[in-house]
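Residue numbers (the UniProt record's numbering): 7 to 331.
Every residue gets a Cβ at the ideal spot worked out from N, C-alpha and C, and that includes glycine.
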Ligand code: UDP
C-alpha cells in the first residue's frame with residue numbers, strides 16, 4: 007500500500023538512504039531536516055523538503071491538513087558520543103526534548119505510526135556475546151542515555167495513546183547506496199576514517215586500543231550495510247501495531263575487529279593505509295555484536311549484504327565518486 011510519510015533527518019546519512027528506498031517502494035516522502043549536520047543536496051530527488059526543527063516542521067506539515075500522513079520516521083538527532091559527554095545539554099534538549107515535542111505533535115494530529123532510530127549504545131557494556139533486545143540497558147555515554155530515554159517515552163505514548171511504534175537499535179552502520187553515503191563534517195566512524203587515509207585526506211589511522219580480550223586485541227563491532235538497515239524500516243512500518251512499541255536490534259550478527267576492518271580497506275582500496283596503536287577511547291566496550299533474531303522472525307528481515315568486503319567496497323565507491331565531484 008502507498009504510504010504518505012514524514013522523514014525527519016532525511017538529509018543525513020541513514021535518513022537519505024531510507025528516503026531513497028521508500029520512494030523506490032512507491033511511497034510519498036516529505037523530508038524534514040534542520041541541516042545542522044545534514045546536506046540539502048543529500049535529500050533524494052522525488053522527496054519534498056522542508057527545512058526546520060523535527061517537531062516544529064512536522065507540526066507545520068500536519069497543520070497544512072492537505073492530506074493525512076500515515077507515519078513518521080524519526081532519524082533527526084545529535085549522534086556524536088564524545089560531544090554528548092562534553093555538552094550533555096545539547097543531547098538532552100536536541101534528542102530527548104525534540105522527540106517528546108514530536109510525540110505530542112503526532113498525538114495532536116492523530117498520526118498513528120512511528121519508526122525511531124535507536125542504537126546499540128542503549129545497552130552499554132554487554133554481558134552476552136550476542137546482544138538480544140532483553141539485555142540490560144545501561145548506557146555508558148550520554149548519547150546512548152538520550153536514545154534510551156526516548157525509547158521509554160515512546161513505550162508510554164504507545165500504551166497510553168495507541169501509537170504504533172517501532173524502535174530500531176542500530177549496530178555499526180556502514181556502506182553507501184547510490185549517491186547517498188556518509189558525509190559527516192566531524193567524522194568519528196572507523197570505516198570512513200580508514201578510507202580518508204586511502205584518499206590521502208588523513209596520514210594514518212589510529213587503532214583505539216590493542217589490549218582488548220579479543221583474538222587480535224582490537225575491539226569487535228557488528229557492521230551492517232545501510233541498505234539492509236533501510237529495508238528494516240520499510241518492514242517496521244508495515245508491522246507496527248497500535249498500542250505496541252516494538253524494539254528490534256539490527257546487525258549482521260557477525261563481528262569484525264578494528265584490524266580486520268583496516269585489512270579489508272587495504273584490500274578494497276589497494277592502499278597501504280598506515281595504522282598506529284593509540285589509547286582506548288573512553289566508554290568503548292570490547293565486543294558489540296547484535297542478535298537480530300527478533301527482527302528476522304517478527305519482521306521477516308534478512309540482511310543481504312553481510313560481507314564486510316562488499317560493505318567497504320560500496321563505501322569506497324561512494325567516497326571516490328564524491329572526490330571526483
Ligand atoms: N576506532 C578506531 N579508530 C578510529 C575510529 C574508531 O580504532 O579512528 C574503533 C573504535 O574504538 C571502535 C570501532 O573502531 O572499537 C568502531 O568505532 P566507531 O566509532 O566506528 O563506532 P562505535 O562502535 O563507536 O559506534
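Among 43, 61, 102 and 115, nearest to residue 72 - alpha-carbon criterion: 115
Taking Cβ to Cβ, would you say residue 226 is nearer than 8 angstroms to residue 262? yes
With distances taken Cα to Cα, identify the nearest neighbour of residue 371 among 300, 254, 29 and 270. No answer is possible for residue 371: the residues shown for the chain start at 7 and end at 331.
Within a Cβ cutoff of 6 angstroms, which residues of the same chain sit near residue 252, ignoring the five residues on either side of it in sequence? 172
Comparing C-alpha positions only, which one of 65, 184 and 48 sits nearest to residue 21? 48
With respect to the beta strand (DSSP E) encompassing residue 162, which residues constitute its N-terminal and C-terminal limits? Unbroken run through residue 162 is the alpha helix (DSSP H), 148-167; no beta strand (DSSP E).
Between the CA atoms of residue 249 and residue 169 - distance to the nearest angstrom: 5 angstroms
Would you list the residues sitting across from residue 10 in a DSSP beta bridge? 34
Applying the 10 Å Cβ sphere with the 16-neighbour rule, what's the burial state of residue 99? exposed
Could you tell me which whole alpha helix (DSSP H) segments of length 4 or greater appear in the region 217-246? 232-245
Cβ neighbours of residue 274 in the same chain (closer than 7 angstroms, five flanking residues each side left out): 315, 318, 319 and 322
For residue 101 and residue 156, what's the separation of their Cα atoms in angstroms? 8 angstroms
Taking a contact to mean a Cβ-Cβ separation below 8 angstroms, would you say residue 53 touches residue 16 in this structure? yes
Quick one: is the Cβ of residue 214 within less than 7 angstroms of any heavy atom of ligand 1? yes
Could you give the residue range of the beta strand (DSSP E) that holds residue 213? 211-214
From the DSSP output, in three-state form, read off residue 79 for me. strand
Drop a sphere of 10 angstroms on the beta-carbon of residue 43, count the other beta-carbons inside from all chains shown, and report buried for 16 or more, exposed for fewer. buried
Give the DSSP-derived three-state secondary structure of residue 101 in the structure shown. helix
Tell me the residue span of the alpha helix (DSSP H) that contains residue 325. 314-329
Span of the beta strand (DSSP E) holding residue 173? 170-176
Using CA coordinates, which residue listed in 112, 45, 167 and 194 is at the minimum distance from residue 77? 112
Could you tell me whether any non-hydrogen atom of ligand 1 is closer than 7 angstroms to the CB of residue 203? no
DSSP bridge partner residues for residue 130 (one or two, in chain order): 144
Residue 220 to residue 60, Cα distance in whole Å? 41 angstroms
Thinking just about the alpha-carbon of each residue, which of 94, 70, 106 and 93 is nearest to the one in residue 80? 106
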